[in-house]
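Each remark here refers to the structure printed beneath this line.
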Ligand SMILES: *Cc1c(COP(=O)(O)O)cnc(C)c1O
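Residue numbers (our numbering): 1363 to 1754.
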């Protein structure tokens, strides 16, 4: 199929996906693939999940859209479900991750104004990814994402990730917030020290800064709790999410707590589609499925199966630098470029991802069976050997 009507943002794509069932995607030739990246951390519940599909169909027959000039009942219910799941106070709904981060950045800037800071600065991390809009790409710690789009939005200061002292050193009287991912996703599945978020929280409390967590990828049960910060018992002032929230229906959310939750007032922010009935009714079904002890247990169980398998079979292999992850966000770092594994895995029936050129990234669905998880381990181990040319 010619894609010439489309801007070339995604390059040439060789596979056309037409259907999804559970953890599998099916292409136009009827080939099945185990989607071990879940549509990039979106479909944790897999494809054609009955409760999600039913909620979407039912809402489509009732009311697809209603503007934010009126009360929207599923929006109110989803807001409450997220408050319950997160311990935050209030929610703003967007249509994507980048837009959720835009809301968070606007909260930080308006909060700065109330503190008498006229040129506010947000401290962000190297290797971070926060989105592709002008503000969020400016916050992103990756020159490739920014290249060609000068002038960038000012007010972001980049420091090393997983380094609390670097944050303290970079601060000035203009600092108003720190924004990081609890585990860096696009940046290479980088898991910080266990107490990184706790120490950032302490520093933010001392200095009166907002702690903003970008949980667009780590949230929605991906790391084994509704939000990854809950594993650390840390409460952020602002948290953003998107990817897994709608299990495929476009929706994002910016949640805030305490004083940060009262910053945006009528007229300060909005979105035509944000929180519309179709998206919120569907996401409500998703959150009800995700926010259950059984889901978190299953994520922990699959994490153990996968991590044990990779550690047993790869940790002593020369060229494997690191095997790391949290929940179902797993990275295997090699000492060489392994981008070619994406295509090779696809030929073997597995959809995987490579970030930073040398990190195999897995974001498998929570509904995978033990057998599927073990087959995935076997396939990835074979592919890694192939990339390292160890002849196994
Ligand atoms: C994907 C992602 C974003 C951007 O989300 P979009 O929905 O693509 O705008 C932002 N931050 C993180 C951590 C992400 O993983």
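Using N, Cα and C, we set each Cβ at its ideal position, and we do this for glycine too.
Near residue i, what residues of its chain come up, given a Cβ to Cβ distance below 6 Å and the 5 sequence neighbours on each side ignored?
i            : result
residue 1642 : 1436, 1437 and 1440
residue 1554 : 1524
residue 1507 : 1499
residue 1542 : 1487
residue 1387 : 1379, 1395 and 1397
residue 1750 : 1681
residue 1481 : 1536
residue 1483 : 1517, 1519, 1536 and 1537
residue 1707 : 1714 and 1745
residue 1754 : Confidence at residue 1754 is low in this model, with a pLDDT of 48, below 50, so its placement is unreliable and the value that follows should be read with caution. Result list for residue 1754: 1747, in chain order.
residue 1697 : 1681 and 1683
residue 1372 : none
residue 1580 : 1544, 1545 and 1590
Under 8 Å Cβ to Cβ from residue i, same chain only, skipping five residues before and after it: list those, please.
i            : result
residue 1556 : 1594
residue 1560 : 1594, 1595 and 1596
residue 1443 : 1646, 1649, 1650 and 1653
residue 1521 : 1485, 1486, 1487, 1488, 1528, 1529, 1531 and 1532
residue 1678 : none
residue 1662 : 1586 and 1689
residue 1412 : none
Here's a check: name, in chain order, each residue in its chain whose Cβ is nearer than 7 Å to the Cβ of residue i, leaving out the five neighbours to either side.
i            : result
residue 1660 : 1728
residue 1644 : 1414, 1417, 1418, 1421, 1608 and 1611
residue 1699 : 1719 and 1720
residue 1676 : 1682, 1685, 1694, 1743 and 1746
residue 1474 : 1482 and 1538
residue 1587 : 1593 and 1658
residue 1705 : none
residue 1628 : none
residue 1701 : 1716 and 1719
residue 1426 : 1639 and 1640
residue 1447 : 1588, 1649 and 1653
With distances taken from CA atoms, which of the options is nearest residue i?
i            : options                   : result
residue 1527 : 1599, 1455 and 1558       : 1558
residue 1691 : 1723, 1375, 1738 and 1742 : 1723
residue 1726 : 1688, 1469 and 1392       : 1688
residue 1623 : 1565, 1741, 1465 and 1459 : 1465
residue 1603 : 1505, 1403 and 1395       : 1403
residue 1495 : 1482, 1478, 1513 and 1483 : 1513
residue 1717 : 1738, 1694 and 1731       : 1694
residue 1519 : 1511, 1394 and 1536       : 1536
residue 1467 : 1706, 1390 and 1515       : 1515
residue 1497 : 1479, 1470, 1480 and 1476 : 1470
residue 1605 : 1449, 1571, 1740 and 1408 : 1408
residue 1601 : 1492, 1655 and 1706       : 1492
residue 1391 : 1426, 1372 and 1381       : 1381
residue 1566 : 1549, 1534 and 1584       : 1534
residue 1631 : 1371, 1472 and 1734       : 1472
residue 1598 : 1476, 1616 and 1738       : 1616
residue 1539 : 1618, 1570 and 1730       : 1570
residue 1450 : 1619, 1703 and 1705       : 1619
residue 1572 : 1504, 1621 and 1628       : 1621
residue 1400 : 1736, 1737 and 1730       : 1730
residue 1736 : 1627, 1666 and 1703       : 1666
residue 1503 : 1549, 1477, 1544 and 1545 : 1549
residue 1703 : 1741, 1733 and 1732       : 1741
residue 1625 : 1393, 1568, 1369 and 1476 : 1476
residue 1551 : 1505, 1370, 1490 and 1510 : 1490
For a cutoff of 8 Å on Cβ pairs, would you count residue i as touching chain C?
i            : result
residue 1531 : Although the question refers to chain C, the structure presented lacks it and comprises just one protein chain.
For ligand 3, is there any heavy atom lying closer than 7 Å to the beta carbon of residue i?
i            : result
residue 1557 : With respect to ligand 3, the structure shown offers nothing to examine, as its ligands consist of ligand 1.
Contact between the stretch 1668 to 1686 and the stretch 1704 to 1715 (3+ Cβ pairs under 8 Å): no
Beta carbon nearer than 7 Å to a non-hydrogen atom of ligand 1: 1402, 1403, 1458, 1459, 1460, 1461, 1463, 1491, 1492, 1493, 1494, 1498, 1543, 1547, 1548, 1576, 1578, 1579, 1604, 1605 and 1614
Segment contact, 8 Å Cβ cut-off, at least three pairs: the stretch 1372 to 1380 with the stretch 1568 to 1577: no
Segment contact flag, the stretch 1610 to 1624 with the stretch 1425 to 1433, C-beta cutoff 8 Å, min 3 pairs: no
Three-pair Cβ contact test at 8 Å for the stretch 1440 to 1457 versus the stretch 1624 to 1639: yes
Cβ contact check for the stretch 1664 to 1672 and the stretch 1458 to 1477: 3 or more pairs under 8 Å: no
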